[in-house]
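Before any comments, here is the structure.
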């Protein structure tokens, strides 16, 4: 080798400066042979000069000093091959390479410098990946790879859910993002590397069979290619399992117009290390993004739950001749059940409880719509059957056949007259003072299934002390760890035995017994119940 030079990395990337003068100056002034811009660099900081066939470094009374291999020099210091020089003790670190360094020693030395630079870059990559967007992380990975390898350009492709490679980002030297949404080169090499999991190095695209397979790439002047897989390796936690499990998430591709520029074994090893760390950083970024999205969704669901609760009436209601209490417990943040009290002409009060098919947000939206339709049509309808018919028509005409609703609607007059209609819902219990139980089954099909569905109604007179319990199947079908359902028989027995309790206490008892039966099992469906009692005497309106 016939040259002496300084090699280092700075904000411009990897740089090589030849020391081809008898006196080579270093400092902050633009007139220096090597201009450094660090805060601790003096205007005329140091100089390198020839002496007795070698080179000597001289500090020029700099304020923050000149360092060789970590030690501050006083005056002059003879330089040896691979000495590390710092001006002011800060980056960049200059690697001095003398004429006597052989090819093997040079490769080793360059690898040491590359790995040192890569280590600092990866340290920052690990620290920042979790809080950066994916494109920023990919840019940092590519810039690191270009600095380490000396390649001219590179790109990253990541696998989608089906395992197909998608172009994500391309970069060139100088930290430049390449325009476009694709990379102008053959996809053959990236796909082979991804599916095989083995790195691939092409020394010269013009040699062998490469020319026939990669004509487009060669036409661009590309000669040297290095491609490594991005893979996640998880080491097994059990002694009897395989030592590691690998999952490939994409590829890192680099190329150059110089023949063999990327062929160093040490460089390829360093890039494989970088690719492994990059895969972790990319995956962490995705997980961080998913966590943010999950947190956003949870916040939105909490707001939706608050809004849904605000649509429900106050838990307790008393009026002329009745006391009522209701509760809705969603199995998720928001549910598909609702209950409501409707003030009607003539001192009449309507009681409605509906259960929409499905769970979560779709069911909750359907619930809000049905609740609004009930309120809109109940005021001028002659009776419960007419209300059910109108609500059914509205839902059926919206063609939301994937969602339907069961429901029970009853109208209570101050004199105890009670008229109801049941749209495919669990028949409510009416418990008299003597303990006898009656169920309300007359009505029709669930709401929203068939536009022309007809609905019937039945009429009874509630005596003072009679108790009506309306419930959703979330109570009767609640299952325990043995997959045994609570059942309507248990529910009816509890209602009949405890009907002497105040409505609020009776409702709480029913819910607590269902929850006690289920135990630690997760709630599988929304649980809603409504208890209405005919008062012994007419009460005052709230």
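In this note's numbering, the protein residues as written are 46 to 587. All residues carry an ideal CB built from backbone N, CA and C; glycine is no exception.
- Item | residue 467 in three-state terms, based on DSSP | Numbered from 1 along the chain shown, position 422 holds the residue referred to as residue 467. In the structure shown, residue 467 adopts extended strand secondary structure according to DSSP, grouped into three states.
- Query: When you compare only the Cα positions, how much space is there between residue 351 and residue 380?
  - Reply: Walking along the chain shown from the start, residue 351 turns up at place 306. Walking along the chain shown from the start, residue 380 turns up at place 335. The alpha-carbon atoms of residue 351 and residue 380 are separated by roughly 11 Å.
- Message: Tell me the DSSP secondary structure of residue 400 in three-state form.
- Response: Here residue 400 corresponds to residue number 355 of the chain shown, with the count starting at 1. In this structure, residue 400 counts as strand in the three-state DSSP scheme.
- Terminal residues of the beta strand (DSSP E) in which residue 210 lies: By one-based count along the chain shown, residue 210 stands at place 165. From DSSP, the beta strand (DSSP E) with residue 210 extends over 210-217.
- alpha helix (DSSP H) segment containing residue 437, residue limits: Along the chain shown, read from residue 1 onward, the residue named residue 437 stands at position 392. Looking at the DSSP string, the run of the alpha helix (DSSP H) that includes residue 437 is 429-442.
- Identify whether residue 298 lies in helix, strand or coil by the three-state DSSP scheme. Position 253 of the chain shown, counting from 1, holds the residue named residue 298. Residue state, collapsed to three classes: strand.
- Message: Considering Cα atoms alone, identify which of 533, 460, 561, 204 is closest to residue 526.
- Response: Here the question's residue 526 lines up with position 481 in the chain shown. The shortest C-alpha separation from residue 526 is found at 561.
- Item | Cα-Cα separation between residue 535 and residue 341, rounded to whole angstroms | Looking up residue 535 in the chain shown gives position 490. Looking up residue 341 in the chain shown gives position 296. Residue 535 and residue 341: Cα-Cα distance of roughly 41 Å.
- Query: Between residue 462 and residue 548, what straight-line distance do the alpha-carbon atoms span, to the nearest angstrom?
  - Reply: Your numbering for residue 462 matches position 417 in the chain shown. Your numbering for residue 548 matches position 503 in the chain shown. Approximately 19 Å between the Cα atoms of the pair.
- Message: Alpha carbons only, please: which of 406, 407, 490 is nearest the one belonging to residue 436?
- Response: Counted from its first residue, the chain shown places residue 436 at position 391. Nearest of 406, 407, 490 to residue 436, Cα basis: 490.
- Message: Alpha carbons only, please: which of 467, 515, 460, 544 is nearest the one belonging to residue 508?
- Response: Start at 1 with the first residue of the chain shown, and residue 508 comes out as number 463. Scanning 467, 515, 460, 544 for the CA closest to the CA of residue 508 turns up 460.
- Query: Buried or exposed: which applies to residue 362, given that a residue is buried once 16 or more other Cβ atoms fall within 10 Å of its Cβ?
  - Reply: Working through the chain shown from its first residue, we reach residue 362 at position 317. Answer is buried; the Cβ neighbour count reaches 16.
- Buried versus exposed, by CB contacts within 10 Å (16 or more), residue 478: For the purposes of this step, residue 478 is taken as residue 433 along the chain shown, with counting starting at 1. By the neighbour-count rule (16 or more Cβ atoms within 10 Å), residue 478 is not buried but exposed.
- On the DSSP bridge assignment, give the partners of residue 50 in chain order. Residue mapping note: residue 50 aligns to position 5 of the chain shown, counting from 1. Assignment of beta-bridge partners to residue 50 by DSSP yields 63, 142.
- Query: What residue range is occupied by the uninterrupted alpha helix (DSSP H) comprising residue 533?
  - Reply: The residue given as residue 533 occupies position 488 in the chain shown. Element bounds for residue 533: 532-542.
- Decide if residue 424 is buried, meaning its Cβ has at least 16 other Cβ atoms within 10 Å, or exposed. Numbered from its first residue, the chain shown carries residue 424 at position 379. The residue in question, residue 424, is exposed, as its Cβ has fewer than 16 Cβ neighbours within 10 Å.
- Helix, strand or coil at residue 239 according to DSSP, with G and I counted as helix: What you label residue 239 is simply residue 194 of the chain shown in a count that begins at 1. Three-state DSSP puts residue 239 in a helix.
- Task: Look at the Cβ atom of residue 297, then the Cβ atom of residue 415, and state whether they are nearer than 8 Å.
- Result: As a first step, residue 297 is located in the chain shown; it is residue number 252 there, counting from the start. As a first step, residue 415 is located in the chain shown; it is residue number 370 there, counting from the start. It is not a contact, given that the beta carbons lie outside the stated cut-off.
- Report buried or exposed for residue 149, applying the criterion of at least 16 other Cβ atoms within 10 angstroms of its Cβ. Taking the first residue of the chain shown as 1, we reach residue 149 at position 104. Confidence is the limiting factor: at residue 149 the pLDDT is only 37, short of 50, which leaves the residue's position unreliable and the question unanswerable from this model.
- Under a three-way DSSP split, which group does residue 86 fall into? Numbered from its first residue, the chain shown carries residue 86 at position 41. Residue state for residue 86 is assigned as coil, using DSSP reduced to three classes.
- Through-space distance from residue 210 to residue 558, alpha-carbon basis: Walking along the chain shown from the start, residue 558 turns up at place 513. Walking along the chain shown from the start, residue 210 turns up at place 165. Roughly 55 Å separates the two Cα atoms.
- Item | Residues bridged to residue 361 [DSSP beta-bridge criterion] | Looking up residue 361 in the chain shown gives position 316. Partner(s): 370.
- Task: Drop a sphere of 10 angstroms on the beta-carbon of residue 336, count the other beta-carbons inside from all chains shown, and report buried for 16 or more, exposed for fewer.
- Result: The residue labelled residue 336 in the question sits at position 291 within the chain shown. It is exposed - the Cβ of residue 336 has fewer than 16 other Cβ atoms within 10 Å.
- Item | Rounded C-alpha distance that separates residue 65 from residue 50 | Against the chain shown, residue 65 aligns to sequence position 20. Against the chain shown, residue 50 aligns to sequence position 5. About 8 Å.
- Message: Whole angstroms are fine: how far does the CA of residue 334 sit from the CA of residue 141?
- Response: Position 96 of the chain shown, counting from 1, holds the residue named residue 141. Position 289 of the chain shown, counting from 1, holds the residue named residue 334. Answer to the nearest angstrom: the Cα atoms are 44 Å apart.
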